[in-house]
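Colleague:
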Ligand code: ATP
């Protein structure tokens, strides 16, 4: 039964095709419920009459196709306003086209591999243009209709599937929960280790874009193998979110025509230009850094502090730590005459355990041997909380007690200060 409204609550009436844009304040969470009509948050329908809790700092919109009344309570420093102009019609039109392609693929699922392939959508654009939000909507609308599309997140900066510094994929079986986000059941995760593709690396300026490309290829091959054996997920297709890492100012405007140009030899690829929603909130570098910290915290402790990570101690000799690329370059004297020294961006280098590891987040690889590291996905992450060089002991936080699934750890530059 619905609980009664507290005295501090207020109601907002939304006309059809309008949205209520909300930024929950820094300090107090917000509760709200749908009193009448129908409404959704980024493609996921809100259940009627149930109070939903939103944590501080969350930015989102409640959109209604046919009209709704919302009741809000708490969140003293929350800001909100109603907008009647949104690009939602064009977004749902894209969904309708994708839906038709999924149905066509399903009907051909016993036929050749090309026609049984559902739509593969890649969302590109500058930072803060609403790419993750559009990806979410397309996935949730598809899931609502019973499909299990695959979400692929190539954005190493934010980490909507797992911690930042990774590229990952996971099937979406239900509309995405507006607060909890993407379910973390069995994601396929590759650890890149940095939050941008070009990174200052251990004092060396190393461009790791090659490693990024190699990992994207590995992820693509693994997904391709999975789709080959699963007609259902093949027909449902993929939505791929990218990072806003597009070169140069002004490129933003040119992106669409540039893509059309590059892809004109591929008749099966459609380039669709969509409008950015006026509700998308720009985030400062400081805000992004903070939200990366929150993502890492959430991995270990859960969104509502509902997980109990374990502090473990291991001998240095029980673990092998590697980093990929950026290793010391071969001295000129060791190279053939005329060859220029260059750091191999995909070379796996063993790392001595030292104080330098303190406060870093390391990935636990599924690799059995160092040679397998690049082609292996990762099982999870640990966070280094103490390095005792004298006793050769390492203390780390892990999601659970006991031995990690592998002794091979990958190091990048992903750091976190637990607060
Ligand atoms: P990045 O390049 O960092 O990955 P992005 O292009 O993926 O950014 P989003 O993450 O989709 O952008 O959106 C930026 C922020 O704006 C998010 O916090 C999102 O929840 C919020 N947002 C998006 N659309 C709306 C809207 N219509 N109303 C209110 N907030 C919104």
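In the UniProt record's numbering, the protein residues as written are 1 to 419. Every residue, glycine too, gets a C-beta built ideally from N, C-alpha and C.
#1: Is the beta carbon of residue 59 within less than 7 Å of some heavy atom of the ligand ATP?
#2: Below 7 Å, is the gap between the Cβ of residue 38 and the nearest heavy atom of the ligand ATP?
#3: Do residue 77 and residue 26 come within 8 Å of each other at the CB atom, strictly closer than that value?
#4: Exposed or buried, residue 258, counting other C-beta atoms within 10 Å across all chains shown (16 or more means buried)?
#5: Specify the secondary structure class of residue 279 as computed by DSSP and reduced to three states.
#6: Is it a yes or a no for the stretch 393-405 touching the stretch 308-325, going by three-plus beta-carbon pairs under 8 Å?
#7: Which residue or residues does DSSP assign as beta-bridge partners of residue 271?
#8: Alpha carbons only, please: which of 255, 410, 254 and 218 is nearest the one belonging to residue 168?
#9: Give a yes or no on contact between the stretch 46-55 and the stretch 26-38, applying the rule of three or more CB pairs nearer than 8 Å.
#10: Starting from the C-beta of residue 387, find all residues in its chain whose C-beta is less than 7 Å away, skip the five residues before and the five after it, and write them out in chain order.
#11: Could you tell me whether the stretch 142-149 touches the stretch 230-244, where touching means 3 or more Cβ pairs closer than 8 Å?
#12: Per DSSP, what are the beta-bridge partners of residue 36 in this structure?
#13: Return helix, strand or coil for residue 137, following the three-state DSSP convention.
#14: Ignoring anything shorter than 3 residues, give me the beta strand (DSSP E) runs that lie fully in the UniProt domain "Clp1 N-terminal" (13-105), in order along the chain.
#15: Does the beta-carbon distance from residue 244 to residue 129 come in below 8 Å?
#16: Confirm the yes/no value for this check: CB of residue 158, any heavy atom of the ligand ATP, distance under 7 Å.
#17: Within 7 Å: the Cβ of residue 365 and any heavy atom of the ligand NAP?
#18: Tell me the DSSP secondary structure of residue 362 in three-state form.
#19: Going by the beta-carbon positions, is the gap between residue 280 and residue 133 smaller than 8 Å?
#20: According to DSSP, is residue 11 helix, strand or coil?
#21: With a threshold of 7 Å, establish whether the CB of residue 155 neighbours any heavy atom of the ligand ATP.
#22: For residue 122, which of 304, 79, 143 and 153 has the nearest alpha-carbon?
#23: Between residue 365 and residue 376, how many whole angstroms is the CB-CB distance? I'm expecting something under 8 Å.
#24: Could you have a look at residue 170 and say whether DSSP puts it in helix, strand or coil?
#25: For residue 178, which residues in the same chain have their Cβ closer than 7 Å to its Cβ, ignoring the five residues on either side in sequence?
#26: Please find out if some non-hydrogen atom of the ligand ATP comes closer than 7 Å to the beta-carbon of residue 101.
#27: What residues in its chain sit with their C-beta under 7 Å from that of residue 166, if we drop five residues either side in the sequence?
#28: For the putative contact between residue 275 and residue 87, defined by C-beta atoms under 8 Å, what is the C-beta separation to the nearest angstrom?
#29: So is residue 308 buried or exposed if we call it buried at 16+ other beta carbons inside 10 Å?
#30: Measure the CB-CB distance between residue 414 and residue 349 and report whether it falls below 8 Å.
#31: Between the alpha carbons of residue 117 and residue 109, how many angstroms are there, rounded?
#32: Taking the alpha helix (DSSP H) that residue 286 falls in, what are its first and last residues?
Modeller: With the given structure in hand:
#1: Correct: residue 59 has its Cβ closer than 7 Å to the ligand ATP.
#2: No - the ligand ATP has no heavy atom lying nearer than 7 Å to the Cβ of residue 38.
#3: By the CB criterion at 8 Å, residue 26 and residue 77 fall inside the cutoff.
#4: Burial call: exposed.
#5: The answer is coil: DSSP assigns residue 279 none of H, G, I, E or B.
#6: The count of Cβ pairs closer than 8 Å, one atom from the stretch 393-405 and one from the stretch 308-325, reaches three, so the stretches are in contact.
#7: Bridge partners of residue 271: none, in fact.
#8: Out of 255, 410, 254 and 218, the CA that lies nearest to the CA of residue 168 is found in 218.
#9: Inter-segment contact for the stretch 46-55 and the stretch 26-38 is present: three or more beta-carbon pairs are separated by less than 8 Å.
#10: So the list reads 353, 354, 355, 357, 358 and 394, once near-sequence residues are dropped.
#11: They touch, by the three-pair rule.
#12: Answer is 69.
#13: Here residue 137 sits in helix by DSSP.
#14: Along the length of the UniProt domain "Clp1 N-terminal" (13-105), whole beta strand (DSSP E) runs at least 3 residues long occupy 18-23, 30-37, 52-54, 59-64, 68-74 and 79-83, reported in chain order.
#15: Taking 8 Å as the Cβ cut-off, residue 244 and residue 129 qualify as a contacting pair.
#16: Checking the Cβ of residue 158 against the ligand ATP gives yes.
#17: The ligand NAP is not part of the structure shown, which contains the ligand ATP as its ligands.
#18: Assignment of residue 362 by DSSP, reduced to helix, strand and coil, places it in the strand class.
#19: A distance below 8 Å separates the beta carbons of residue 280 and residue 133.
#20: For residue 11, the secondary structure class from DSSP, reduced to helix, strand or coil, is strand.
#21: Between the ligand ATP and the CB of residue 155, the shortest heavy atom gap is smaller than 7 Å.
#22: Ranking 304, 79, 143 and 153 by CA distance to the CA of residue 122 puts 153 first.
#23: 5 Å between Cβ atoms; contact.
#24: Residue state, collapsed to three classes: strand.
#25: Scanning its chain for C-beta atoms nearer than 7 Å, with the 5 sequence neighbours on each side dropped, one finds around residue 178 the residues 41, 42, 44 and 60, in chain order.
#26: Outside the cutoff, so no.
#27: Taken in chain order, the residues that qualify are 156, 159, 189, 190, 191 and 192.
#28: Contact holds; Cβ gap of about 4 Å.
#29: Burial call: exposed.
#30: Their beta carbons are not under 8 Å apart, which means residue 414 does not touch residue 349 by this criterion.
#31: Taking C-alpha positions only, residue 117 is separated from residue 109 by approximately 8 Å.
#32: Taken as a continuous stretch (DSSP letters only), the alpha helix (DSSP H) holding residue 286 covers 285-301.
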